[in-house]
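Below is one structure, written out as structure tokens; comments come after it.
Rendered as structure tokens:
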């Protein structure tokens with residue numbers, strides 16, 4: 483079962499950091515992003531794809547394993 487409460491909390495943190503995506507905020511976001519793997523939710527459940535892209539933690543692209551899906555958000559570490 484997904485931990486949606488944690489996903490919302492992480493999402494809020496990334497939203498706040500992305501409001502001013504300075505190098506310092508990007509470093510903080512990267513450190514915090516590392517903790518998301520300790521929780522049971524998928525990255526998309528944070529609902530902050532654009533914010534993660536601004537922070538350098540995601541990008542749009544075509545996945546090698548599912549090219550038929552076209553352009554999707556690819557999260558850091560995938």
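Numbering (the numbering used here), first residue to last: 483 to 560.
Where is the CB? At the ideal position from N, CA and C, for every residue including glycine.
Quick caveat: nothing in here was measured; it's all calculated off a predicted structure.
Identify the continuous beta strand (DSSP E) that holds residue i and give its terminal residues.
i	result
residue 542	540–544
Can you name the residues that DSSP bridges to residue i?
i	result
residue 554	543
Taking the alpha carbon of residue i as the point to measure from, which residue in the options has its own alpha carbon closest?
i	options	result
residue 535	488, 512, 489 and 487	512
residue 539	531, 545 and 546	531
residue 560	508, 520, 550 and 525	525
residue 491	517, 506, 505 and 503	517
residue 489	546, 514, 552 and 547	514
Grab the span of the alpha helix (DSSP H) containing residue i for me, first residue to last.
i	result
residue 488	486–500
residue 515	505–515
residue 533	531–536
Under 8 Å, do residue i and residue j count as touching if we go by C-beta distance?
i	j	result
residue 496	residue 550	no
residue 494	residue 537	no
residue 542	residue 555	yes
Could you round the C-beta distance between residue i and residue j to whole angstroms and report it? I think they count as a contact, below 8 Å.
i	j	result
residue 510	residue 499	6 Å
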